[in-house]
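Novice:
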Amino acid sequence: MHISAVVDSTPGGAKAKSPIYVLFLAVVAAISGFLFGFDTAVINGVLLFLQREFALSTLQTEVAASALLLGCLLGAAGASLVGDRFGRRICLLIAASLFAASTLVAALAHSVTVFALGRLAGGLAIGLSSVLTPVYIAEVAPARNRGRLVSMNQLAIVVGMLVAYLVGWGLAGLGNTSWRWMLGVAALPAAGFFVGLLFIPESPRWLISHGQREKGRRVLARIYGVLQADVEVKAVEEAASEEEGSWGEVFSRALRRPLTIALGLAILCQITGINTVLYYGSILISQHFSGQTTGTALMANVIIGCTNLVSTLIALYCLDRWGRRTMLLTASAGMMVALILFVVAYRTPGISPLVVLGCILGYTGFFAFAMGPIPWVVISEIFPTKIRGRAASIATSTLWTGTLVVTLTFLSLIRALGVGGTFGIYAALSAVAFVFIWKMVPETRGKTLEQIQHEWES
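Following the working numbering, the numbering of the sequence shown begins with 172 at its first residue and continues without gaps.
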């Protein structure tokens with residue numbers, strides 16, 4: 172089934188009457204993305220010092236790096252249970268509490284086991300918020316700029332990553348205990364996230380689909396104005412009346428294609444290897460490139476983080492202009508080429524480390540341009556309202572499974588296949604991603620969530 176080009180009439184072309192209010196809702200929700208990015212990327216600097224303090228083996232290092240990701244997987248798997256029953260906002264409040272508590276536990280840990288348990292709890296927070304933050308933003312955002320607003324979460328993620336790299340670089344001079352401070356500073360934005368959530372409403376689409384029509388209408392009236400709010404309420408009610416809202420609905424024949432698309436994008440954006448750079452960059456550079464010190468490796472992380480941020484900003488500008496499909500095809504092809512060049516450069520004797528770094532930056536930049544933000548956007552918008560939380564939970568759990576597998580196997584793959592062989596696999600998987608996107612992913616730019624739903628049914 173092909174989704175036709177959008178016609179921007181009602182309500183798909185409706186503008187927010189209060190764009191500042193919509194922006195406020197998106198920014199508060201996206202603080203979870205900042206914490207997501209910081210908590211995942213800070214391990215890049217932490218591992219160098221954690222290895223020394225606890226004399227970690229390769230396997231222990233992989234486990235320390237992956238404990239958070241296991242929590243992410245479990246949190247994402249359970250997100251729909253609380254998100255669909257109690258609401259998106261309540262779930263995010265739970266996540267905010269977990270962010271703060273887990274940060275302090277990990278920072279104060281005096282054994283690898285306690286450290287891993289603290290990181291596991293932080294992963295639960297990330298898993299919950301990674302499912303429900305894009306869903307929440309999608310459900311309050313007007314169709315014409317929904318992609319850009321949902322991608323604010325991805326922007327917050329890469330800002331969090333960059334801040335984590337800067338914190339790691341800046342605090343490295345404190346010595347072997349610097350990793351505790353690298354982790355502990357995240358308690359402040361976690362507290363800010365909790366406070367911010369107290370000032371935003373529940374998702375209007377969740378309210379309406381759970382029988383709280385008037386509350387939902389009031390929120391929509393603040394976004395669109397009273398007249399357009401009534402149109403939006405009617406559209407949501409009509410869509411909700413046609414849905415069973417069950418797990419059976421998620422796996423029904425009618426939704427088989429959107430589920431395949433969501434799962435495919437979720438797994439491919441991870442197994443193409445980006446987190447090997449984002450999580451293990453300092454180890455990769457300092458241990459596998461001669462003459463590179465810990466300080467040099469942490470500085471390279473900052474450069475990678477800056478590239479990630481700039482490319483994400485470009486993605487935000489292009490997303491509602493170019494469309495999801497075109498950007499995904501461009502990014503997957505670019506990643507494949509950059510990885511091939513990286514493998515060739517790495518195996519070329521005497522080549523400048525700057526050339527190798529340039530290939531890594533190209534790979535990171537293409538990923539951040541589309542493969543980073545767009546899967547979250549697509550997952551948040553292609554499912555009907557009543558099963559959106561369940562479907563997003565499955566897709567996000569799949570994404571975290573891919574992340575966990577890559578993180579748990581990277582150092583072992585390096586030992587078995589070498590740097591060139593390992594990144595050659597990621598280049599091949601980038602080619603698979605290109606083919607999947609070309610064959611399967613439609614364009615959803617500019618459509619309301621209800622219009623997308625009806626397209627699958629036609």
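The beta-carbon is built from N, C-alpha and C at its ideal position, and this holds for glycine as well.
Along the chain, where does the alpha helix (DSSP H) containing Gly-242 start, and where does it finish?
Specialist: Run containing Gly-242: 229-257, per the alpha helix (DSSP H) assignment.
Novice: Looking only at its own chain, which residues have a Cβ that is under 7 angstroms from the Cβ of Glu-614, when we skip the five neighbours before and after it?
Specialist: Excluding sequence neighbours, Glu-614 sits near Ile-174, Gly-494, Arg-495, Arg-496.
Novice: Helix, strand or coil for Ile-511? Go by DSSP, reduced to three states.
Specialist: Looking at Ile-511 - three-state DSSP - the assignment turns out to be helix.
Novice: What span of residues does the alpha helix (DSSP H) with Phe-605 cover, start to end?
Specialist: Its alpha helix (DSSP H) spans residues 556-611.
Novice: Is it true that the stretch 236-247 meets the stretch 561-574, where meeting means three or more beta-carbon pairs spaced less than 8 angstroms apart?
Specialist: Verdict: yes, contact present.
Novice: Taking the straight line between their C-alpha atoms, what separation do you get for Gly-293 and Asp-255?
Specialist: Cα-Cα distance, rounded: 21 angstroms.
Novice: May I ask you to report which of helix, strand or coil DSSP gives Thr-447?
Specialist: Helix.
Novice: How many whole angstroms separate the CB atoms of Ile-432 and Gly-573, which I take to be in contact at a CB cut-off of 8 angstroms?
Specialist: With 8 angstroms as the limit, Ile-432 and Gly-573 do not qualify as a contact, their Cβ atoms being about 15 angstroms apart.
Novice: Determine, using beta carbons only, whether Arg-561 and Val-421 come nearer to each other than 7 angstroms.
Specialist: Yes; because the gap between Cβ atoms is below 7 angstroms, this pair is in contact.
Novice: What's the call for Lys-618, buried or exposed, on a 16-neighbour Cβ count within 10 Å?
Specialist: Answer is buried; the Cβ neighbour count reaches 16.
Novice: If contacts are defined as beta-carbon pairs under 8 angstroms, then Leu-219 and Ile-531 qualify, I think. What distance do you get, rounded to the angstrom?
Specialist: About 18 angstroms; that fails the 8 angstroms criterion.
Novice: Closest to Val-193 by CA distance: which of Gly-589, Val-321, Met-611, Tyr-336 is it?
Specialist: Looking at the Cα atoms, Val-321 is the closest of the given residues.
Novice: Mind checking which residues open and close the alpha helix (DSSP H) that includes Glu-385?
Specialist: 384-395 is the span of the alpha helix (DSSP H), which, as asked, contains Glu-385.
Novice: Using 7 angstroms as the limit for Cβ to Cβ distance, is Pro-520 near chain C?
Specialist: Note that chain C does not occur in the displayed structure, where there is just one protein chain.
Novice: Output the boundary residues of the alpha helix (DSSP H) element that contains Ile-550.
Specialist: First-last of the alpha helix (DSSP H) with Ile-550: 545-552.
Novice: What first and last residue would you give for the alpha helix (DSSP H) that runs through Ala-437?
Specialist: Counting along the chain, the alpha helix (DSSP H) containing Ala-437 begins and ends at 427-442.
Novice: When DSSP labels each residue in this structure, what does Phe-370 get in the three-state scheme?
Specialist: Looking at Phe-370 - three-state DSSP - the assignment turns out to be coil, as it is neither helix nor strand.
Novice: Just tell me which of Ile-553, Ser-482, Val-306 has its CA closest to the CA of Arg-427.
Specialist: Answer by Cα proximity: Ile-553.
Novice: Could you round the C-beta distance between Thr-630 and Val-576 to whole angstroms and report it? I think they count as a contact, below 8 angstroms.
Specialist: Past the boundaries of the shown model lies residue 630; the chain is included only from 172 to 629, so the question cannot be answered.
Novice: Rounded to the nearest angstrom, what separates Leu-487 and Arg-389 at their Cα positions?
Specialist: Taking the straight line joining both Cα atoms gives about 29 angstroms.
Novice: From this set, Leu-430, Val-338, Ser-380, Ala-238, which residue's C-alpha is nearest Glu-409's C-alpha?
Specialist: The option with the nearest alpha carbon to Glu-409 is Ser-380.
Novice: If you reduce the DSSP assignment to three classes, tell me which class Val-283 lands in.
Specialist: If DSSP states are grouped into helix, strand and coil, Val-283 belongs with the helices.
Novice: Kindly indicate which three-state DSSP category Asn-316 falls into: helix, strand or coil?
Specialist: Helix.
Novice: Within this structure, are the beta carbons of Asn-347 and Glu-224 separated by less than 7 angstroms?
Specialist: Contact: yes.
Novice: Using C-beta distances below 6 angstroms, list every residue in its chain close to Leu-196, excluding the 5 sequence neighbours before and after it, in chain order.
Specialist: Once the five neighbours on either side are set aside, the close Cβ partners of Leu-196 are Val-311, Ile-371.
Novice: At the level of alpha carbons, what is the spacing between Val-402 and Ile-261?
Specialist: Each residue's Cα considered, the two are about 27 angstroms apart.
Novice: With a threshold of 7 angstroms on Cβ separation, who are the neighbours of Gly-536 within its own chain once the five nearest residues in sequence on each side are excluded?
Specialist: Within the same chain, Gly-536 has close Cβ partners Thr-478, Ser-482.
Novice: Could you tell me how far apart the beta carbons of Trp-340 and Asn-472 are, in whole angstroms, since I believe they sit closer than 8 angstroms?
Specialist: Correct: roughly 7 angstroms between the Cβ atoms.
Novice: Note the first and the last residue of the continuous alpha helix (DSSP H) segment covering Thr-535.
Specialist: From DSSP, the alpha helix (DSSP H) with Thr-535 extends over 524-537.
Novice: Please determine if the stretch 292-306 and the stretch 585-597 are in contact, where contact requires at least 3 C-beta pairs separated by less than 8 angstroms.
Specialist: Flag = no, the stretch 292-306 and the stretch 585-597 do not touch.
Novice: Can you give me the Cβ contacts of Val-549 inside the same chain, cut-off strictly under 8 angstroms, excluding the 5 residues immediately before and after it?
Specialist: Ile-432, Ala-433, Leu-436, Arg-495, Val-612, Thr-615.
Novice: Taking the alpha helix (DSSP H) that Val-193 belongs to, which residues open and close that run?
Specialist: Start and end: 190-212.
Novice: Is Gly-289 buried or exposed, if buried means 16 or more other CB atoms sit within 10 Å of its CB?
Specialist: It counts as buried.
Novice: Within the same chain, show all residues whose beta-carbon is closer than 6 angstroms to that of Ala-277, passing over the 5 residues directly before and after it, in chain order.
Specialist: Same-chain partners within the cutoff: Phe-286, Gly-289, Arg-290, Leu-354.
Novice: Answer yes if the stretch 323-341 comes into contact with the stretch 538-546, meaning at least three C-beta pairs across the two stretches below 8 angstroms, and no otherwise.
Specialist: Contact between the stretch 538-546 and the stretch 323-341 is present, because at least three Cβ pairs lie under 8 angstroms.
Novice: Would you grab the beta carbon distance between Pro-231 and Val-283 for me? Rounded to a whole angstrom, and I think it's under 8 angstroms.
Specialist: Checking the sequence shown, residue 231 turns out to be Gln, not Pro. Between Val-283 and Gln-231 the Cβ distance is about 6 angstroms, and since that is below 8 angstroms, they are a contact.
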